[in-house]
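Novice:
Numbering (my numbering), first residue to last: 325 to 634.
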């Protein structure tokens, strides 16, 4: 691989996962490394050695491309806090808030900030890492507007206008699903198995039938009774709960947001959201792969442009 083909090493360093990308000049991911060394598994003072060991095949102390970190690594619990940028936040505002870390083995490292939506009437909301993926999706789609969905432990629904994130909301869908499945009585009847579409659709339909917010708590308990009385098989119950929570999220997130959006994430999750959206009358388009690498390339380019101007 030619050195001049490589633009940077981008690292999406989250709470429980570590993903590093060798990113080309066009934003493509030329190589990828993934591990479970999220920030919760790295002790204070070990971030530099953890990163150096992970990217050793790509870079040595004397020579190598720039390094940009995004995600929870820039949080108060991470390596170096990069304060939040307030909405509306685009590439320019985000690049201006990048902080740097001087290291002995890897030189200067750039850390991307998160984004703060302080304008919502129900309280402030935050994201770290998702903004970089949104910038990547905008670059890949050659778009500057839209509604973007990023499913996960804490799902994000972000509104973008003229290339800037103007507002967003977070839904604890993934974390609530894991907690209910693994730490309540609902999980006692669940059986492991392949994904069951019938159970998933049953959960979506249950969410669709809800009339008031409190109905969700009742529908969650039905995960148990539908299994007790064999209305659903044990292998269908986890998918019922998944469909119920995902559909409840989609219904709540889109009540004032139109009927189409772009979903960014892993193939398994984006597929489930797209299917639930179709049943609920929402068109969820799938974003291109490696949006985080594309976003990190765009963010680094903007940061370097600002530095050269200064």
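C-beta: ideal position from N, C-alpha, C; glycine also. Values in this document were obtained by computation on a predicted structure and should not be read as measured data.
Can you tell me which of the three DSSP states residue 355 falls into?
Specialist: Three-state result, residue 355: strand.
Novice: Taking DSSP's pairing of strands, which residues face residue 607 in a bridge?
Specialist: Answer by DSSP bridge pairing, in chain order: 584.
Novice: Report, in whole angstroms, the separation of the C-beta atoms of residue 393 and residue 353, which I expect to be a contact under 8 Å.
Specialist: Incorrect: roughly 16 Å between the Cβ atoms, too far for contact.
Novice: Select from 450, 425 and 427 the residue whose C-alpha is nearest the C-alpha of residue 438.
Specialist: Ranking the options by Cα distance to residue 438, first place goes to 450.
Novice: Between the Cα of residue 468 and the Cα atoms of 478, 482, 476 and 474, which residue gives the shortest distance?
Specialist: The candidate whose alpha carbon is nearest that of residue 468 is 482.
Novice: My understanding is that residue 336 touches residue 346, with C-beta atoms under 8 Å, so please give their C-beta distance in whole angstroms.
Specialist: Not a contact, Cβ separation roughly 13 Å.
Novice: Residues in its own chain within less than 8 Å of residue 365 by CB, not counting five upstream and five downstream?
Specialist: Cβ within range, chain order: 340.
Novice: Report the rounded CA-to-CA distance for residue 465 versus residue 414, giving the unit in angstroms.
Specialist: Roughly 16 Å between the two C-alpha positions.
Novice: Let me make sure I understand the geometry here. Which of 554, 618 and 633 has the alpha-carbon closest to that of residue 332?
Specialist: The candidate whose alpha carbon is nearest that of residue 332 is 618.
Novice: From the DSSP output, in three-state form, read off residue 386 for me.
Specialist: At residue 386 the pLDDT is 43, less than 50, meaning the model places this residue with poor confidence; the figure from the coordinates comes in the next sentence. Correct three-state label for residue 386: coil.
Novice: If you reduce the DSSP assignment to three classes, tell me which class residue 531 lands in.
Specialist: The answer is helix: DSSP assigns residue 531 an H, G or I state.
Novice: Would you call the region 507-516 and the region 553-567 in contact, with 3 or more CB pairs under 8 Å?
Specialist: Cβ pair count under 8 Å is three or more, so yes.
Novice: By DSSP's criteria, residue 483 is part of a beta bridge. Which residues make up the other side?
Specialist: Answer by DSSP bridge pairing, in chain order: 471 and 491.
Novice: DSSP beta-bridge partners for residue 399?
Specialist: None; residue 399 has no bridge partner.
Novice: For residue 480, which of 527, 488 and 454 has the nearest alpha-carbon?
Specialist: Per the Cα distances, 454.
Novice: Could you give the distance in angstroms between the alpha-carbon of residue 544 and the alpha-carbon of residue 568?
Specialist: Distance between the alpha carbons of residue 544 and residue 568: 8 Å.
Novice: Tell me the residue span of the alpha helix (DSSP H) that contains residue 514.
Specialist: Looking at the DSSP string, residue 514 is not in any alpha helix (DSSP H), and its letter there is neither H nor E.
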